[in-house]
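Chains as they are written, first to last, in this note's numbering: chain A, 17 to 464; chain B, 24 to 459.
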């Protein structure tokens, strides 16, 4: 009989090299050119298309699909980049099933929307494979300087938009690599072959953008200094913190931030060297929880369970992502909140969960019934938090930066976008849109 | 089970589906496979005169246009008549006919427009035991440059002359195959009839350039950098063929002249439409060249099932039923009023009806009602044109509904239950007074 006190089973090389390669290959292989033509033909070229309205960046979807159908995938990509310079990554990571594809009239008609995400990928991949000249031309230099903090989707989108207008942009990035969550936070099987870095290179082709790596706000540069030295500042800080479970034993070996786990995995040159537990429990209900759970399973974990404190319908991860986890063998258990971490010899050995329900007021409450799941690793994926430290002096809202419709903060020279601002949806595509809107607003402000 | 057998100008076949004179009927091997698959008859690929046979290009002979998923919609060819020796063809025709006595065997012929040439070949063909001949006056490429094919079909006097020779030197029924590359199909049809032809078949292929290679700036198919116009066929040409068939079926001079319908027949329904306009048989080529001979099963069974459902025991029971309903525009009932109606339960809100109507027609369909995406026909603007029905991607979502009473909100006029056409319309300066 096994007991909870068994030595924790965390190790690398659970699989063969072939299995690692297979498990972390493209989750949605790209369409072949013929498949793309057939799929493009399914688009009805709707008037005032609902998919376009549903896209946070308002890409002219019917037009880019029609260009594919007409044998012009490069032109199609230009249509995409016109509204979304990260159209390539968004094609890979957007939850299209809750955005454009949910709105597609063929979803209403037959439950089978046009595969807009895959078509977008076909167009943007074709553009990048054919090594086309950059789709934008940089305007004459304006002499204006803008500082962008954070080289993630929001920051890069803003930097690109500003560079197009002829402004000189310096991006300050705390890490040694650009890309933000595209590089560190998205499941590996969604963005293979170092696509995130290829996309950064593509964006920088516009010229006029300098990235200074290893420069963190509050440590190496201050907001006041940037506001003084530059004509405008854009903050694309993301959410550097991770929520804690608030349980004893959180520092035990095997209790890991899911965000860190994903980041390490993404940077790994050799997946077989990564350790993973035999039994993994992921606490949380969002995309990070799903990505961590699936990737644990793909690294060879035998039992992976997601424990979420509310019901399926409350999960931030889309139904599609939940199903992806389930078809990868992940068990999702709802209505369970973490109560205690079981620790033995300094390492986590299990997690005790309490069953939950909504009480009369609609508030979440424990039922008192508990269950203990054995675990060699417990991943925390219960949300990320902003760091207000280096941005004191600008107005916040629920801990995040408050902006107006133009993504301008309470400080006249400072704009912000992406996950660090209030009211967003924490999606790559929304961050890109924030950056785009802010760039327009900054340009207008600078040029009067 | 409906009886699909036909007797077309004395030529009997178990069903009305014949293979047209074309590559699928160029030799015994293909024709026997066709008969095994169930085809009712064939028109053997066109024979030329004795002597060295014609030669074909050794590069591509076909070009095409496609719909979604590369579904072939139109095919174009620059192939000539048979490039096999006349003697071989005649021998095979005789052998195949002997083995398949219940199938129709028609032989297509194209020789120079000289009496001696026709006089020479006709008895040879007759000797094979074939059931009839078809005169290829249609081929629009290659042979026409040598004064044959459509070069003959475009001159009614030649048609009549050659038809007369054939009736004179041959006891077999004569079918004249017509080219659509003319301005009025009735003239060649009348000439064929005047020459004593027993029937006409149409359409032959349409002169066409199917596409241009934008890298080499040459028409497709391209032969060493150059291209030549070809003959166009397949589903895309069916509407042209139906119209020409109808023109002959309702022309006072040619009414009743047996017609073998050709042009884009792909399914039983296409065949039924040709027959409804008056055809006694149909001929198929592109569909067979796209999918193989097995399609005849779907065609024969589909036609039979439809006839059973409608209560038609024989082909003759519905043959020509649509011909009297083809009329001139001037006789259409101008008092007939329809309005488009959108079934809101079926509507998927693509908005194509709106933008088609808004941009290109009558501004009669909403896109937004009370701030909500909603497509509805405004009867006071709708002229009943049917464009929205045709662009709607959903079957039966938009229908044309006849107004049988009340006032047309667009014109403010009472619905008149009586028939009235342009010939008596007050706006027509040529209007005739009603006779009664």
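Think of the CB as a built atom: it goes at the ideal place given N, C-alpha and C, for glycine as much as any other residue.
Under the Cβ criterion of 9 Å, residue 66 of chain A is counted among the residues facing chain B. Under a criterion of Cβ atoms nearer than 9 Å, the residues of chain B adjacent to residue 57 of chain A are, in order, 90, 91 and 92. The beta-carbon separation of residue 306 of chain A and residue 338 of chain A, rounded to 7 Å, stays under the 8 Å limit for a contact. Within the region 38-56 of chain A, the residues whose Cβ lies closer than 7 Å to some Cβ of chain B are 54, listed in chain order.
DSSP places residue 291 of chain B inside the alpha helix (DSSP H), whose first and last residues are 291-299.
Boundaries for residue 412 of chain B: no beta strand (DSSP E) harbours it, while the alpha helix (DSSP H) harbouring it runs 410-414, taken from the DSSP string. Under the Cβ criterion of 9 Å, residue 121 of chain A is counted among the residues facing chain B. For residue 417 of chain B, the closest Cβ of chain A is nearer than 9 Å. Look at the beta carbons and you see the region 27-39 of chain B not touching the region 97-108 of chain B: under three pairs across the two are nearer than 8 Å. Contact of residue 86 of chain A with chain B by beta-carbon distance below 7 Å is absent, the smallest such distance being about 13 Å.
Residue contact with chain A for residue 68 of chain B: absent (no Cβ-Cβ distance below 9 Å to any residue of chain A). Around the beta carbon of residue 289 of chain B, 16 or more other beta carbons lie within 10 angstroms, which makes this residue buried.
Taking every protein chain shown into account, the CB of residue 94 of chain A has 16 or more other CB atoms within 10 angstroms, so this residue is buried. Residue 69 of chain A and residue 349 of chain B have their alpha carbons spaced roughly 47 Å apart. DSSP places residue 182 of chain B inside the alpha helix (DSSP H), whose first and last residues are 179-192.
Annotation for residue 256 of chain B: no alpha helix (DSSP H) segment contains it, though the beta strand (DSSP E) segment containing it runs 253-256. Taking a C-beta distance under 9 Å as the contact criterion, residue 216 of chain A and residue 274 of chain A do not qualify as a contact pair. Nearest Cα to residue 310 of chain A within the set A/341, A/283 and A/322: A/341. In the structure shown, the three-state DSSP call for residue 350 of chain B is coil. The Cβ atoms of residue 39 of chain A and residue 246 of chain A lie no closer than 9 Å to each other.
For residue 124 of chain A, the chain B residues whose Cβ falls inside 8 Å of its Cβ are 371 and 372, in order along the chain.
For residue 390 of chain B, the neighbours in chain A by C-beta distance under 9 Å run, in chain order, 63 and 64.
It is roughly 33 Å from the alpha-carbon of residue 270 of chain A to the alpha-carbon of residue 165 of chain A.
Put simply, the CB of residue 122 of chain B is far from chain A, with every gap to its CB atoms at 9 Å or more. Residue-level contact check: residue 377 of chain B touches chain A, since one or more beta carbons of chain A fall below 9 Å from its beta carbon.
Residues of chain B with a Cβ closer than 8 Å to the Cβ of residue 60 of chain A are, in chain order, 373, 375 and 416. At a Cβ-Cβ threshold of 9 Å, residue 444 of chain A and residue 202 of chain A count as neighbours. The alpha-carbon of residue 279 of chain B is positioned some 39 Å away from that of residue 74 of chain B.
With a 10 Å radius around the Cβ and a threshold of 16 neighbouring Cβ atoms, residue 411 of chain A comes out exposed.
Here residue 283 of chain B is bridged, per DSSP, to B/224 and B/304. Taking 9 Å as the threshold, the shortest C-beta distance from residue 433 of chain B to chain A does not fall below it.
For the region 296-334 of chain A, the continuous beta strand (DSSP E) assignments of 3+ residues that do not extend past its boundaries occur at 319-323, in sequence order. When the five nearest sequence neighbours on each side are left out, the beta carbons in the same chain lying within less than 8 Å of the beta carbon of residue 398 of chain B are those of 365, 370, 372, 374, 376, 377, 388, 389 and 390, in order along the chain. Two segments are said to touch when three or more pairs of C-beta atoms, one from each, lie closer than 8 Å; by this definition the region 170-187 of chain B touches the region 206-222 of chain B.
Within the same chain, and ignoring the five residues on either side of residue 202 of chain B in sequence, the residues whose Cβ sits closer than 7 Å to its Cβ are 160, 161, 163, 173, 176, 177 and 227. Contact between residue 237 of chain A and residue 243 of chain A is absent: CB atoms are separated by about 11 Å, not below the 8 Å threshold.
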